[in-house]
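I have placed the structure first, in the form of structure tokens, so that the comments after it can refer back to it.
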Ligand SMILES: N[C@@H](CCC(=O)N[C@@H](CS)C(=O)NCC(=O)O)C(=O)O
């Protein structure tokens, strides 16, 4: 049984869990829960002390989420997460970078709001939200070519937009991005998405 250091609200963890579902591996992964960050266990296995980190049966720890998805791509069966064809792989990795950037900026802006009131820097929050807005604009422009593909880029888009809904719902991203909204509505019905919704 593999062990995943996780947090139920992390979009990077969700990316990994969606991949695990799609590859038919979810029941081979035991979740540790967020307490391994608090109790110091995570830092013994991952010097960066971030979730997700996947610990294999031989004790090897894998991080970060991209590396874990790449590893899962070699196990189980189901849609290939990272295509081997050069052009397709480059597009999928670039689009993953866009979605991952939404997650990074989203997490950074949420962290900023958790500072003591007098230390919250609104400019920093707005700078992160600007990144998210531009990345969502970019995805709106290319979502036609994503179609119904299930790969690293679409699972990351699903996890990223799910996180925006979860933590930054006031951004109202659907209003000006009708194609992306329609894509997300369909993608969010996949069992891998339904089974990994962050707790309300
Ligand atoms: N690039 C990493 C990002 C992971 C990440 O930022 N995880 C956050 C939770 S959403 C975390 O563990 N933060 C704790 C910390 O930075 O100390 C990945 O893709 O796995």
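Residue numbers (this note's numbering): 26 to 225.
We treat Cβ as the ideally placed atom computed from N, Cα and C, and that holds for glycine.
With DSSP collapsed to three states, give me the class of residue i.
| i | result |
| --- | --- |
| residue 55 | strand |
| residue 232 | Any question about residue 232 goes unanswered here, given that the chain covers just 26 to 225. |
| residue 144 | helix |
| residue 121 | helix |
| residue 75 | coil |
| residue 28 | strand |
| residue 86 | strand |
Could you pull out every residue in the same chain whose Cβ sits closer than 6 Å to the Cβ of residue i, ignoring the five residues on either side in sequence?
| i | result |
| --- | --- |
| residue 106 | 44, 94, 98, 176 and 177 |
| residue 67 | 30, 61 and 74 |
| residue 55 | 26 and 28 |
| residue 96 | 87 |
Would you tell me roughly how many angstroms separate the C-alpha atoms of residue i and residue j, rounded to the nearest one?
| i | j | result |
| --- | --- | --- |
| residue 65 | residue 201 | 43 Å |
| residue 195 | residue 154 | 11 Å |
| residue 139 | residue 184 | 22 Å |
| residue 38 | residue 219 | 15 Å |
| residue 35 | residue 110 | 30 Å |
| residue 142 | residue 203 | 36 Å |
| residue 171 | residue 179 | 7 Å |
| residue 149 | residue 136 | 11 Å |
| residue 156 | residue 206 | 18 Å |
| residue 41 | residue 165 | 23 Å |
| residue 174 | residue 117 | 10 Å |
| residue 215 | residue 53 | 20 Å |
Note down, in chain order, each residue of its chain lying with its Cβ closer than 8 Å to the Cβ of residue i, except the 5 sequence neighbours on either side.
| i | result |
| --- | --- |
| residue 102 | 48 and 49 |
| residue 84 | none |
Comparing C-alpha positions only, which one of the options sits nearest to residue i?
| i | options | result |
| --- | --- | --- |
| residue 126 | 172, 215, 112 and 90 | 90 |
| residue 151 | 130, 161, 207 and 165 | 130 |
By Cβ distance below 7 Å, which residues in the same chain neighbour residue i in space, the five residues on each side in sequence not counted?
| i | result |
| --- | --- |
| residue 114 | 107 and 108 |
| residue 163 | 123 |
Within 7 Å (strictly less), CB to CB, does residue i reach chain C?
| i | result |
| --- | --- |
| residue 189 | As a matter of chain content, chain C is missing from the structure shown, which is built from one protein chain. |
* Asked: Got a list of residues with beta-carbon closer than 5 Å to any non-hydrogen atom of ligand 1, in chain order?
  -> 35, 37, 75, 76, 89, 90 and 132
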